[in-house]
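> Just dropping this structure here.
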Amino acid sequence: MSDPNPYATPSEQTLTDAGAELSPPQTVSVHTLEEDHLAAAAYNARNSPEMNAVHRRPRIMFTIVGVLALAMGLLMLAETAVAFVYILLGLGFLLGALMFPRVAARMIKANVRTLIKQDVITLDDDPSLITLDTWGVALDTTLVKTRISWQKIKRVRWNDDYLFLFYQSHMPIALPLRAFASEQRFHAFCRLAQSLWEGHHKAAN
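Have a look at this one:
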């Protein structure tokens, strides 16, 4: 787990009650590191419905081919050598179906590293400012200043180390725990994001 921000302002350090809530607007300052982009890519690969849909077809194909190969091997047990080849082939395809999400996640992370080296994905020298407000999310970096309405945010998710705001299917905004004064403030910020997002999406429905 990442360590909370040791350089937080006194006002940020006042939130120590795990049940305390925040009110909008709330702004957090963070230096985006390579590990943040990698964490976002890995989370997206494992949890995004869009990525799961992309992975589903090859996993189904691998499973079908594996089962068929195993069935052929079992039917041809009298021909030991041929049956052995089919059984190995079937087990290989089934293992491929099982390992496909993990392999795909590694490939995505490798691609992110390549894009960072090529400066397609940039790492900010100056801190980025991300603000949660009643209307949406403001993103202020050295390269981009934009406002994203809650209607355009597809999902809000978080784990122990990151808050993820999905406004694009392939890469969420990732806010790390280390940008906050404490775990309590991080979780309060996550709850605020979830509450604001749900409020707008429920109203839209």
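Using this note's numbering, you'd call the opening residue of the sequence shown number 57 and step up by one each time.
Ideal Cβ positions, reconstructed from N, Cα and C, are used throughout, including at glycine.
None of the values given here were measured: they were computed from a predicted structure.
(1) For residue 95, does the count of other Cβ atoms within 10 angstroms reach 16, so buried, or fall short, so exposed?
(2) With a 10 Å radius around its C-beta and 16 neighbouring C-beta atoms as the bar for buried, classify residue 167 as buried or exposed.
(3) Give me the Cα-Cα distance between residue 73 and residue 220, rounded to the nearest whole angstrom.
(4) Hey, would you say residue 84 sits closer than 9 Å to residue 222, going by beta carbons?
(5) Using alpha carbons as the reference points, say which of 238, 229, 217 lies closest to residue 193.
(6) In whole angstroms, what separates the C-alpha of residue 184 from that of residue 232?
(7) Given this structure, state the Cα-to-Cα distance separating residue 150 from residue 130, to the nearest angstrom.
(8) Nearest-angstrom Cα distance between residue 144 and residue 133?
This is what the structure gives:
(1) Classification of residue 95: buried, given that the 10 Å Cβ count is 16 or more.
(2) In summary, residue 167 is exposed, with fewer than 16 beta-carbon neighbours lying within 10 Å of its beta-carbon over all protein chains present.
(3) Annotation note: pLDDT 45 at residue 73 (below 50); position unreliable, coordinate value reported separately. In a straight line, the C-alpha of residue 73 is about 23 Å away from that of residue 220.
(4) No.
(5) Comparing Cα-Cα distances from residue 193 to each of 238, 229, 217, the minimum goes to 229.
(6) Between the alpha carbons of residue 184 and residue 232 lies a distance of about 12 Å.
(7) Whole-angstrom Cα-Cα distance: 15 Å.
(8) Cα-Cα distance, rounded: 13 Å.
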